[in-house]
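Q: In numbering that gives the first Met the number 0, the protein residues as written are 0 to 390.
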Amino acid sequence: MNDWQRELDQLEQRGMLRSLRTVEGGQGPKVHVNGREVLLLCSNNYLGIADHPALIEKMVAATRELGTGSGASRLVSGTMPTHAALEERIAAFKGTPAALLFNSGYAANTGIMQGLLGPDDVIFSDELNHASIIDGCRLAQARTIVYPHCDTVALAELMEQEKPNRKGRWLIVTDGVFSMDGDMAPLAELCELKEAYDALLMVDDAHGTGVLGEKGRGTGEHLNCLERIDLHMGTLGKALGCSGAYLAAERVVIDTLINRSRSFIFSTSLPPGVPAAAMAAFDLVDSVEGRKLREKLERNRVQLSESLIAGGMDLLGSRTQIIPVLTKDPEPTMQMTGRLLEEGIFLQGIRPPTVASGRCRLRATVMASHDALDLEHASAKILAVYREFAG
Ligand SMILES: Cc1ncc(COP(=O)(O)O)c(C=O)c1O
Numbered sequence: 000m001n002d003w004q005r006e007l008d009q010l011e012q013r014g015m016l017r018s019l020r021t022v023e024g025g026q027g028p029k030v031h032v033n034g035r036e037v038l039l040l041c042s043n044n045y046l047g048i049a050d051h052p053a054l055i056e057k058m059v060a061a062t063r064e065l066g067t068g069s070g071a072s073r074l075v076s077g078t079m080p081t082h083a084a085l086e087e088r089i090a091a092f093k094g095t096p097a098a099l100l101f102n103s104g105y106a107a108n109t110g111i112m113q114g115l116l117g118p119d120d121v122i123f124s125d126e127l128n129h130a131s132i133i134d135g136c137r138l139a140q141a142r143t144i145v146y147p148h149c150d151t152v153a154l155a156e157l158m159e160q161e162k163p164n165r166k167g168r169w170l171i172v173t174d175g176v177f178s179m180d181g182d183m184a185p186l187a188e189l190c191e192l193k194e195a196y197d198a199l200l201m202v203d204d205a206h207g208t209g210v211l212g213e214k215g216r217g218t219g220e221h222l223n224c225l226e227r228i229d230l231h232m233g234t235l236g237k238a239l240g241c242s243g244a245y246l247a248a249e250r251v252v253i254d255t256l257i258n259r260s261r262s263f264i265f266s267t268s269l270p271p272g273v274p275a276a277a278m279a280a281f282d283l284v285d286s287v288e289g290r291k292l293r294e295k296l297e298r299n300r301v302q303l304s305e306s307l308i309a310g311g312m313d314l315l316g317s318r319t320q321i322i323p324v325l326t327k328d329p330e331p332t333m334q335m336t337g338r339l340l341e342e343g344i345f346l347q348g349i350r351p352p353t354v355a356s357g358r359c360r361l362r363a364t365v366m367a368s369h370d371a372l373d374l375e376h377a378s379a380k381i382l383a384v385y386r387e388f389a390g
């Protein structure tokens, strides 16, 4: 026990200790933290629909009818009508023959790569992929080759070098929108490569689904290559306002995962109310209201990023609602986060190991539910606090 305490003390001294903060209220633009009202700038509830009446009604109705828990894993007795219906809906949404639900994005990424790949296979993974993809690579028996961030020239060279040794399947895996930088993967170029080298492309579109593209289909739609992607992973807990995740793909891929993916097989399925609410979220994404929410989110993104850039901030090339402000070192980053909270702005300071050393940042996320005045106020506070601690 003392060893652990010593490690925690050391983390604290280096400004690296993590602790939990309770947020009171839903995931609306204003919440209460430590008894004070603050502007929420770190929720992934991008469309602002986590408290939408349509989702709540569906969740309550399904819960009344089917209960609060699913009682078992999917292969035992935990496949309920809401799970099956949502899988069909997701497949239609992404334009694939089939889809499979997972309990979270973390469970999906670890379970997909472990379930699909074997010792003869090779994974090509972007160096800034989400931790759940990194862990998925570790759990898969395949060899992993990490390529420099979004660098398709370097990836092509690595693939070329690897060609003479090829024995099995090749999988290129990437975030669609990178969770800490807010930039997008060059999906059209990755499609060219995967087609040239007879590989598969898996896109984790946790932050693009519901948000990007005319119809909210995600980064693939935005970059005009949705139908060329082989494995569409996405989450239900961010723009869709619910919880859980999915893979949409060919039927044989889904059947393989049902038979081999450990995070799918050995875990109690989502409570039936969750897929029922997610179904309503997909309906909303497809509606005129959904399109208007995407447009509002885009206006909010442009407003906050442009005002921060005008104030001299380095936003690391973000082109989405994830807006990082580079602050470099952990200590000032956490001091800025604390000061901003005192000033009524709640955003996250991001430190290693989530990002590389020297690449700490304030990570702000905008939602469709923010209004222009909120964002103007947030931008002024961020710039003032940045100058106070980094200037
Ligand atoms: C890119 C990406 N993939 C996967 C996940 C994990 O999803 P979940 O929170 O549903 O476990 C996240 C979560 O932050 C993410 O950003």
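Even for Gly, the Cβ is constructed at its ideal location relative to N, Cα and C. The structure displayed is predicted, hence computed values, not measured ones.
1. Does the Cβ-Cβ distance between Leu361 and Thr332 come in under 8 Å?
2. Which of the three DSSP states, helix, strand or coil, is assigned to Leu361?
3. Which residue or residues does DSSP assign as beta-bridge partners of Phe123?
4. Tell me which same chain residues have a C-beta within less than 8 Å of the C-beta of Thr255, skipping the five on either side of it?
5. Which of the three DSSP states, helix, strand or coil, is assigned to Ser72?
6. Do you know offhand how far Ile228's Cα is from Ala389's?
7. Looking at the secondary structure, which residues open and close the alpha helix (DSSP H) in which Arg298 lies?
8. What is the residue span of the beta strand (DSSP E) that Thr323 lies within?
9. Below 8 Å between beta carbons: does that hold for Ser317 and Asp150?
10. Taking a contact to mean a Cβ-Cβ separation below 8 Å, would you say Asn108 touches Lys237 in this structure?
11. Quick check on the burial criterion: 16 or more other C-beta atoms within 10 angstroms. Buried or exposed for Arg300?
12. Compute the Euclidean distance between the alpha carbons of Lys193 and Leu157, then round it to the nearest angstrom.
13. What residues match up with His231 in a beta bridge as DSSP calls it?
14. In terms of residues, what are the limits of the alpha helix (DSSP H) holding Glu6?
15. When DSSP labels each residue in this structure, what does Lys380 get in the three-state scheme?
16. Could you tell me the boundaries of the beta strand (DSSP E) in which Ile48 lies?
17. Spatial neighbours of Ala49 within its chain, please: CB distance less than 7 Å, with the 5 preceding and 5 following residues excluded, ordered by chain position.
18. Please find out if some non-hydrogen atom of ligand 1 comes closer than 7 Å to the beta-carbon of Asp180.
19. Quick check on DSSP: helix, strand or coil for Phe388?
20. With Asp174 and Asn128 assumed to form a contact (beta carbons below 8 Å), what rounded beta-carbon distance in angstroms separates them?
21. Apply the 10 Å Cβ neighbour rule to Met201 and answer buried if 16 or more other Cβ atoms are within range, or exposed otherwise.
A: Reading it off the structure:
1. Yes.
2. DSSP places Leu361 in strand when its eight states are reduced to three.
3. For Phe123, which the question treats as bridged, DSSP gives the partners Ile144 and Ile171.
4. Listed in chain order, the non-local C-beta contacts of Thr255 below 8 Å within the same chain comprise Gly114 and Leu115, local neighbours out to five positions each way being set aside.
5. Reduced to three states, the DSSP call for Ser72 is strand.
6. Cα to Cα, Ile228 sits roughly 42 Å from Ala389.
7. Its alpha helix (DSSP H) spans residues Val287 to Ala309.
8. In the sequence as presented, Thr is not what sits at residue 323; that position holds Pro. Boundaries of the beta strand (DSSP E) around Pro323: Ile321 to Lys327.
9. Not closer than 8 Å, so no.
10. No; because the gap between Cβ atoms is not below 8 Å, this pair is not in contact.
11. By the beta-carbon neighbour count (other beta carbons within 10 angstroms, threshold 16), Arg300 is buried.
12. Between the alpha carbons of Lys193 and Leu157 lies a distance of about 13 Å.
13. Answer is Val202 and Ala247, bridged to His231.
14. Start and end: Asn1 to Gln12.
15. The three-state reading of DSSP puts Lys380 in helix, counting H, G and I together.
16. According to the DSSP assignment, Ile48 belongs to no beta strand (DSSP E), since it is labelled neither H nor E.
17. Excluding residues within five positions, the ones whose Cβ falls inside 7 Å are Gly25, Gln26 and Gly240.
18. No, the beta carbon of Asp180 sits no closer than 7 Å to any heavy atom of ligand 1.
19. It is helical.
20. Right, the Cβ-Cβ distance comes to about 6 Å (below 8 Å), so this counts as a contact.
21. A residue is called buried when at least 16 other Cβ atoms come within 10 angstroms of its Cβ; Met201 meets this threshold and is buried.
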